[in-house]
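Engineer: Note that the numbering used here has the sequence shown beginning at 2, numbered continuously upward.
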Amino acid sequence: MHIIRFTIMAALAIGLLPFSSSAFADTDYPPQIKPIIEQRCMVCHGCYDAPCQLKLDAWAGLQRGANKDEVYDGGRLRAANMTRLFEDAQTTDEWRQKGFYPVLNDTDPDAGTLSRILELKQQHPIPSGDKLPDSFDFSLDRDQQCPKPDEFDSFASDYPLWGMPYGLPGLNGDEHEKLTRWLRDGSPGMARPAPTTAEQAEIDRWEAFFNGDSLKRQLMARYIYEHLFIGDLYFSDPGEKASYYKLVRSRTPPGEPIDIIATRRPYDSPGKDKFYYRLQPLRFTVLDKRHMPYSLSRARMQRWQALFINADYEVTDLPSYETSVASNPFIAFHDLPVQSRYKFMLDEARFTIMGFIKGPVCRGQVALNVIDDHFWVVFLDPKDKGANQTAKFLARESKNLRLPTARSSILISLLQWRNYSRDQLKFLRAKADYVSQRTGGGHGKLDLDLIWDGDGHNDNATLTIFRHNDSASVVKGFVGHQPKTAWVIDYSLLERIHYLLVAGFDVFGNVAHQLETRLYMDFLR
Numbered sequence: 002m003h004i005i006r007f008t009i010m011a012a013l014a015i016g017l018l019p020f021s022s023s024a025f026a027d028t029d030y031p032p033q034i035k036p037i038i039e040q041r042c043m044v045c046h047g048c049y050d051a052p053c054q055l056k057l058d059a060w061a062g063l064q065r066g067a068n069k070d071e072v073y074d075g076g077r078l079r080a081a082n083m084t085r086l087f088e089d090a091q092t093t094d095e096w097r098q099k100g101f102y103p104v105l106n107d108t109d110p111d112a113g114t115l116s117r118i119l120e121l122k123q124q125h126p127i128p129s130g131d132k133l134p135d136s137f138d139f140s141l142d143r144d145q146q147c148p149k150p151d152e153f154d155s156f157a158s159d160y161p162l163w164g165m166p167y168g169l170p171g172l173n174g175d176e177h178e179k180l181t182r183w184l185r186d187g188s189p190g191m192a193r194p195a196p197t198t199a200e201q202a203e204i205d206r207w208e209a210f211f212n213g214d215s216l217k218r219q220l221m222a223r224y225i226y227e228h229l230f231i232g233d234l235y236f237s238d239p240g241e242k243a244s245y246y247k248l249v250r251s252r253t254p255p256g257e258p259i260d261i262i263a264t265r266r267p268y269d270s271p272g273k274d275k276f277y278y279r280l281q282p283l284r285f286t287v288l289d290k291r292h293m294p295y296s297l298s299r300a301r302m303q304r305w306q307a308l309f310i311n312a313d314y315e316v317t318d319l320p321s322y323e324t325s326v327a328s329n330p331f332i333a334f335h336d337l338p339v340q341s342r343y344k345f346m347l348d349e350a351r352f353t354i355m356g357f358i359k360g361p362v363c364r365g366q367v368a369l370n371v372i373d374d375h376f377w378v379v380f381l382d383p384k385d386k387g388a389n390q391t392a393k394f395l396a397r398e399s400k401n402l403r404l405p406t407a408r409s410s411i412l413i414s415l416l417q418w419r420n421y422s423r424d425q426l427k428f429l430r431a432k433a434d435y436v437s438q439r440t441g442g443g444h445g446k447l448d449l450d451l452i453w454d455g456d457g458h459n460d461n462a463t464l465t466i467f468r469h470n471d472s473a474s475v476v477k478g479f480v481g482h483q484p485k486t487a488w489v490i491d492y493s494l495l496e497r498i499h500y501l502l503v504a505g506f507d508v509f510g511n512v513a514h515q516l517e518t519r520l521y522m523d524f525l526r
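#1: Is the separation between the beta-carbon of Val512 and that of Gly75 shorter than 8 Å?
#2: Indicate whether the contact test is met: 3 or more Cβ pairs, each with one atom in the stretch 60-69 and one in the stretch 221-232, closer than 8 Å.
#3: At a cut-off of 7 Å, is Arg250 close to the ligand ATP when judged by its beta-carbon and the heavy atoms of the ligand?
#4: Suppose you measure from the CA of Asn209 to the CA of Val249; what does that come to, to the nearest Å?
#5: Taking the beta strand (DSSP E) that Val339 belongs to, which residues open and close that run?
#6: Just curious, the beta strand (DSSP E) that Pro330 is in, first and last residue?
#7: I think Arg351 touches Val508, with their Cβ atoms under 8 Å apart; what is that distance to the nearest whole Å?
#8: For Tyr492, which three-state DSSP category applies?
#9: Going by C-alpha distance, which of Ser136, Phe87, Glu152, Asp131 is nearest Gly113?
#10: Would you call Leu429 buried or exposed, if buried means 16 or more other Cβ atoms sit within 10 Å of its Cβ?
#11: What residue range is occupied by the uninterrupted beta strand (DSSP E) comprising Thr465?
#12: Whole beta strand (DSSP E) runs in the stretch 226-294 with 3 or more residues, listed along the chain?
#13: According to the neighbour-count rule (16 or more other Cβ atoms, all chains shown, within 10 Å of its Cβ), is Leu180 buried or exposed?
#14: Could you compute how far the alpha carbon of Asp144 sits from the alpha carbon of Ser136?
#15: Considering only C-alpha positions, which residue in the set Val326, Asp274, Asp260, Phe467 is nearest to Tyr268?
#16: So is Leu402 buried or exposed if we call it buried at 16+ other beta carbons inside 10 Å?
#17: When you compare only the Cα positions, how much space is there between Phe524 and Val489?
#18: If you follow the beta strand (DSSP E) that Ser474 is part of, which residue opens it and which one closes it?
#19: Between the Cα of Leu404 and the Cα atoms of Lys393, Gln515, Asp289, Pro282, which residue gives the shortest distance?
#20: Quick one: is Arg299 buried, meaning 16 or more other Cβ sit within 10 Å of its Cβ, or exposed?
#21: Label Ala202 either buried or exposed according to how many other C-beta atoms from any shown protein chain fall within 10 Å of its C-beta, with 16 as the threshold for buried.
#22: Quick one: grab the DSSP three-state call for Asp111.
#23: Whose C-beta lies closer than 6 Å to the C-beta of Ala81 among residues of the same chain, with five residues either side of it excluded?
#24: Could you check which residue in Leu121, Thr518, Ala192 has the C-alpha nearest to that of Ser422?
#25: With 16 as the cutoff for other CB atoms within 10 Å, does Glu323 come out buried or exposed?
#26: By how many angstroms is the C-alpha of Leu337 removed from the C-alpha of Lys384?
#27: In whole angstroms, give me the CA-to-CA distance for Leu121 and Tyr73.
#28: Under the three-state reduction of DSSP, which class applies to Val326: helix, strand or coil?
#29: Restricting to Cα atoms, I'd like to know which of Asp382, Cys48, Leu520 is closest to Leu501.
#30: Rounded to the nearest angstrom, how far is the Cβ of Met43 from that of Leu57, given a contact under 8 Å?
#31: Is there contact between the stretch 205-220 and the stretch 304-319, where contact requires at least three CB pairs shorter than 8 Å?
#32: Using the beta-carbon count (16 or more within 10 Å), is Phe506 buried or exposed?
#33: Note down, in chain order, each residue of its chain lying with its Cβ closer than 6 Å to the Cβ of Gly100, except the 5 sequence neighbours on either side.
#34: To the nearest angstrom, how far is the alpha carbon of Ala487 from that of Val378?
#35: Quick check: the Cα distance between Arg279 and Phe331, rounded to an integer number of angstroms?
#36: With burial defined as no fewer than 16 other Cβ atoms inside 10 Å of the residue's Cβ, what is the status of Gln64: buried or exposed?
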């Protein structure tokens, strides 16, 4: 591994050396600096809610800089431009064109915003006492101060106690000295290590699995991608190193550098040209509030082979990426056996439920305001003797199961709410009739035998959700005293929760989209 020295960075800045997007993306903090930033900076500056969009969970985020626009803005009338690191722009210059300004200063490092805000904390330490003064605001909707370099003097005068880390003790002498010296050296990065030979073999094996030519394999890969795009995938067979990967869509085939296709949602069209599913090494530091590990193993591949390839069904045409089709999994994937889809999600039910807590919502204010502080979750048994009838029922009701998509005005949103309400009532009436037919006349009964027991070995069968304000966690098993409520989830509910709050949720969307999502979640709840 090599250090990218300041002299190289300076040469790049004046255009003497070419700077590839892959070099920008595949660079990490040096080992003497990374622990400091991980321990003192990333918990706040590590997700969509990073103050001033200054994401420090990757070296590239520091180089990108800051932006005064907020990602979480529930009042905007128009959808915001997307600013996903490593996706919506690939170089510093491209980020400057999107409104990001530097927090570093290549010619005078001590004059950089990051250097100055760290020094401000040293000059004005956190006040002593049991309680911080009221001038510190930790609310989620607080007014943020995001000074550009020429605005910092005014900021420091108005908010002398707001040095970094905000509201916490400053860096100790050794940490401050190391970080300051590194910034003065030009904040050099270190090249990320390439996958090992064994890791590359696993990558090749899985990419071949995801990019099969048959219609069955293509439909399977699309379904898996739309459910695992938020996961931190890792190879879990014995002897494998714990490295994480993201499942992405790329313009380039396996064996070539990944050229990611950036779309607003995972079910949006990747374009007319051929594309490929690729495993991209995770470029961010792993953070608990968004970390969703998902194992890839030989047993997993065999399981998916049995569910989606060996199962007895036919695919004659692939679904389109038209919004009315792609946003409705009951239409897009009607050829995939319902039981296979349901078992796929139940195999890792905790991951599936955790998606609306750690997925695009990130801090959970949309998803979590409509759930209780403590409740249990169980699932209907997928071993349904009437699976074929259930599949036909869901196919008939697919239009009543449509989910919100982005809208351009709040008026349309209110009209849409009435439509969703009408569709939900239609579905509930049809479901009640269907259940009555299935359980009447001695065909069956509603009792605890309908609850999935994990097939005797899967500990995802029972889950407990704890919520505290705008954060929540999902643990396996029934934990705590008996809560006042519990969820009993079937396939249609589980699928709609995922497509509402994970696959279909747009953090950059407008107020209409945010409102529709909240109201539709009320239906599901």
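Every residue, glycine too, gets a C-beta built ideally from N, C-alpha and C.
Structural biologist: Let me lay it out:
#1: yes
#2: No, the stretch 60-69 is not in contact with the stretch 221-232.
#3: What this structure holds is no ligand at all, so the ligand ATP is not there to describe.
#4: According to the sequence displayed, residue 209 carries Ala and not Asn. About 14 Å.
#5: No beta strand (DSSP E) contains Val339, which is instead part of the alpha helix (DSSP H) from 339-348.
#6: Note, Pro330: premise wrong, no beta strand (DSSP E); alpha helix (DSSP H) at 330-333.
#7: Not a contact, Cβ separation roughly 23 Å.
#8: Tyr492: helix per DSSP, three-state reduction.
#9: Measuring from the Cα of Gly113, the nearest candidate turns out to be Glu152.
#10: exposed
#11: 464-469 is the span of the beta strand (DSSP E), which, as asked, contains Thr465.
#12: 233-236, 246-251, 277-282
#13: buried
#14: 12 Å
#15: Val326
#16: buried
#17: 15 Å
#18: 472-477
#19: Gln515
#20: Classification for Arg299: exposed.
#21: exposed
#22: In this structure, Asp111 counts as helix in the three-state DSSP scheme.
#23: Phe509
#24: Thr518
#25: exposed
#26: 16 Å
#27: 27 Å
#28: helix
#29: In terms of Cα proximity to Leu501, the closest of Asp382, Cys48, Leu520 is Leu520.
#30: 6 Å
#31: The stretch 205-220 is in contact with the stretch 304-319.
#32: buried
#33: Correct list, in chain order: Asn68.
#34: Distance between the alpha carbons of Ala487 and Val378 is about 6 Å.
#35: Each residue's alpha carbon lies about 25 Å from the other.
#36: buried
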